[in-house]
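Residue numbers (our numbering): 1 to 583.
Spelled out as structure tokens, the structure:
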């Protein structure tokens, strides 16, 4: 013990240098050792494999023989109004409990119910009768149901008349047409189904979705487009960052080399150091937007990260929406803290009003929009209409959890403010006449192009999954695109802010927010383009629902992109004005 202690005491530097290396080697060895141990995989969302066996073997084995089959809502490509399966005059399940639905499924309008079809593992069924529907021609209600079924058959039901000839040709002459006839007796329609099991030894449980995913349209194009966009955006972002850092580094060196005893007027962005942190107009609204944007930004990041890990797999229906809503409710504290602290930094005094607006303004706009959409769904008799009890539950979570958490964050945020590296002059500096290129509108319009360029490909597939009933599963690429979007918004906003400061225009607060948030305007324009070119929606109610839901998406995008650009610019200004010599 003494010998080791003397050796360690003679060279303490060697000990400090050796310990991190030793920890690194131990960590590496532990990692490699874990890789050598046999492990078993598991499915993160909690949907473990289910073992099925035949009915005879299922009595004594830990497996199931009955395969449950459920039915969901029914909709079409020409309408966004879904209807519950039980709304139609089909065979209904009797004596079965419907599976419970989570919050996300309820908000998305999913209505999963038990079906009357019964499957047993590896048991072939041929023309098994489900039920018989009887219709009386003298009953007006029955005739209305028949007329509805007739419309469905006319959509995609064709009658073919095959004629056999000596040349073995099969022909179909003339388009399908209806042969009118009167039915004066009772009409019975028998519903049947057949089941056949075929073993496929090439499909594993982990890749059971591949045949569905590979059959999706544009799948190969999506992979190529995402990678191509990823490379282009990284290249452009690298060029912007390199140009900005080199120019800024040269300016800082030049400013610090100037002798303060020499009588020389400041120039460039240093000239406006006494006004750059002057509070803007409508500081209350700006701080509220920043608080709500922070809440949405954290919610989006955590949701996409969990989706990348597999917790929010499409197999776990409604999990994505449920996670997003719960996170938004619980993230009221960061929203209130950021909003109140920024409001105090901007020399605001009514922090309680700031708290109320942060907790109620933007969520209230979204709630009113969704409430109007829900009224339309209710009038149309759609199953997507949220029940009154669910609305009460959402309001209870909003006012009972989110609002108190927002107040808690606002209370602590109002106690301190962000420190600015320079003092603000009492008299505002005159802003010289700006050219067309340095005017706010031009920079705002240009600033949103690059961020939108890195998301429009993913946006196409996201809209397809929402409105065209296609499965979206590439959350890994979506998370990467989200990170690229944040980087691009930050760099574009910082670059344009630097150019405006060099032009002696120090009104950067709202401009920084609108520069990156203008991406939401391009998002809305793309939504209009998608509606006109990709969708076949008809009906006033469906059109109102489409644009009503898209406006919610645009508002959310407006808040978190604007917040990203603003705080990037704010951090940039604090850094550059803290490293230059200012009298």
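C-beta: ideal position from N, C-alpha, C; glycine also. The structure presented is a predicted model; accordingly, all values stated were derived computationally and were not measured.
Is residue i near residue j, with beta carbons less than 8 Å apart?
{"i": "residue 135", "j": "residue 81", "result": "no"}
{"i": "residue 406", "j": "residue 348", "result": "no"}
{"i": "residue 515", "j": "residue 447", "result": "yes"}
{"i": "residue 632", "j": "residue 451", "result": "Examination of residue 632 is not possible in this model, given that the chain is present from 1 through 583 alone."}
{"i": "residue 491", "j": "residue 338", "result": "no"}
{"i": "residue 287", "j": "residue 343", "result": "yes"}
{"i": "residue 292", "j": "residue 331", "result": "no"}
{"i": "residue 429", "j": "residue 274", "result": "yes"}
{"i": "residue 565", "j": "residue 512", "result": "yes"}
{"i": "residue 67", "j": "residue 121", "result": "yes"}
{"i": "residue 537", "j": "residue 237", "result": "no"}
{"i": "residue 123", "j": "residue 55", "result": "yes"}
{"i": "residue 209", "j": "residue 49", "result": "no"}
{"i": "residue 522", "j": "residue 421", "result": "no"}
{"i": "residue 400", "j": "residue 108", "result": "no"}
{"i": "residue 614", "j": "residue 98", "result": "This structure cannot speak to residue 614, because the chain is shown only from 1 to 583."}
{"i": "residue 485", "j": "residue 455", "result": "yes"}
CB-CB under 7 Å to residue i, same chain, minus the five flanking residues each way: which ones, in chain order?
{"i": "residue 323", "result": "303, 306 and 312"}
{"i": "residue 116", "result": "91, 92, 93, 130 and 131"}
{"i": "residue 190", "result": "129 and 132"}
{"i": "residue 587", "result": "No information on residue 587 is available, as it lies outside the stretch 1 to 583 that the chain covers here."}
{"i": "residue 69", "result": "115, 117 and 119"}
{"i": "residue 358", "result": "288, 291, 292, 335, 336, 339, 406 and 410"}
{"i": "residue 165", "result": "Its pLDDT being 40, under 50, residue 165 is placed unreliably in this model, and the value from its coordinates should be taken loosely. If we look at residue 165 and ignore the five residues flanking it on each side, it has no Cβ neighbours."}
{"i": "residue 530", "result": "463"}
{"i": "residue 445", "result": "518"}
{"i": "residue 271", "result": "504"}
{"i": "residue 127", "result": "192 and 194"}
Let me make sure I understand the geometry here. Which of the options has the alpha-carbon closest to that of residue i?
{"i": "residue 85", "options": "77, 94, 123 and 73", "result": "73"}
{"i": "residue 482", "options": "98, 578, 561 and 100", "result": "561"}
{"i": "residue 426", "options": "278, 420, 534 and 107", "result": "278"}
{"i": "residue 524", "options": "330, 537, 536 and 553", "result": "553"}
{"i": "residue 329", "options": "404, 123 and 204", "result": "404"}
{"i": "residue 510", "options": "283, 128 and 527", "result": "283"}
{"i": "residue 415", "options": "441, 71, 376 and 351", "result": "351"}
{"i": "residue 325", "options": "299, 346 and 316", "result": "299"}
{"i": "residue 545", "options": "317, 380 and 422", "result": "380"}
{"i": "residue 397", "options": "231, 440, 103 and 97", "result": "103"}
{"i": "residue 558", "options": "297, 245, 376 and 55", "result": "297"}
{"i": "residue 101", "options": "378, 146, 543 and 316", "result": "316"}
{"i": "residue 417", "options": "395, 399 and 346", "result": "346"}
{"i": "residue 569", "options": "113, 105 and 244", "result": "244"}
{"i": "residue 231", "options": "533, 480 and 62", "result": "480"}
{"i": "residue 541", "options": "412, 445, 382 and 250", "result": "382"}
{"i": "residue 473", "options": "53, 320 and 367", "result": "320"}
{"i": "residue 369", "options": "567, 556, 63 and 62", "result": "556"}
Which same chain residues, not among the five before or five after residue i, have their C-beta less than 8 Å away from its C-beta?
{"i": "residue 374", "result": "385, 386 and 391"}
{"i": "residue 438", "result": "499, 500, 503 and 505"}
{"i": "residue 371", "result": "391"}
{"i": "residue 575", "result": "none"}
{"i": "residue 431", "result": "504, 505, 506 and 507"}
{"i": "residue 434", "result": "503 and 505"}
Could you pull out every residue in the same chain whose Cβ sits closer than 6 Å to the Cβ of residue i, ignoring the five residues on either side in sequence?
{"i": "residue 508", "result": "497"}
{"i": "residue 572", "result": "494"}
{"i": "residue 550", "result": "527"}
{"i": "residue 9", "result": "Model confidence at residue 9 stands at a pLDDT of 38, short of 50, so the residue's coordinates are unreliable; what they give is reported in the following sentence. Excluding positions up to five away in sequence, the list is empty."}
{"i": "residue 145", "result": "89"}
{"i": "residue 440", "result": "511"}
Bridge partners for residue i per DSSP, in chain order?
{"i": "residue 575", "result": "DSSP output for residue 575 lists no bridge partner at all."}
{"i": "residue 187", "result": "135"}
{"i": "residue 192", "result": "129"}
{"i": "residue 52", "result": "64"}
{"i": "residue 70", "result": "114"}
{"i": "residue 287", "result": "Residue 287 is not bridged to any residue."}
{"i": "residue 79", "result": "76"}
Any C-beta of chain C sitting closer than 8 Å to the C-beta of residue i?
{"i": "residue 500", "result": "Of the protein chains in this structure there is only one, and it is not chain C."}
For a minimum of 4 consecutive residues, which ranges assigned as the alpha helix (DSSP H) are wholly contained in the stretch 398-486? 403-413, 440-447, 449-453 and 456-467
Please go through the stretch 102-152 and give each complete alpha helix (DSSP H) segment of 4 or more residues, from N-terminal end onward. 103-107
Length at least 4, wholly inside the stretch 509-568: the alpha helix (DSSP H) runs in chain order: 509-517 and 519-533
Any beta strand (DSSP E) of 3 or more consecutive residues that is wholly inside the stretch 349-383: Whole beta strand (DSSP E) segments, 3+ residues: zero.
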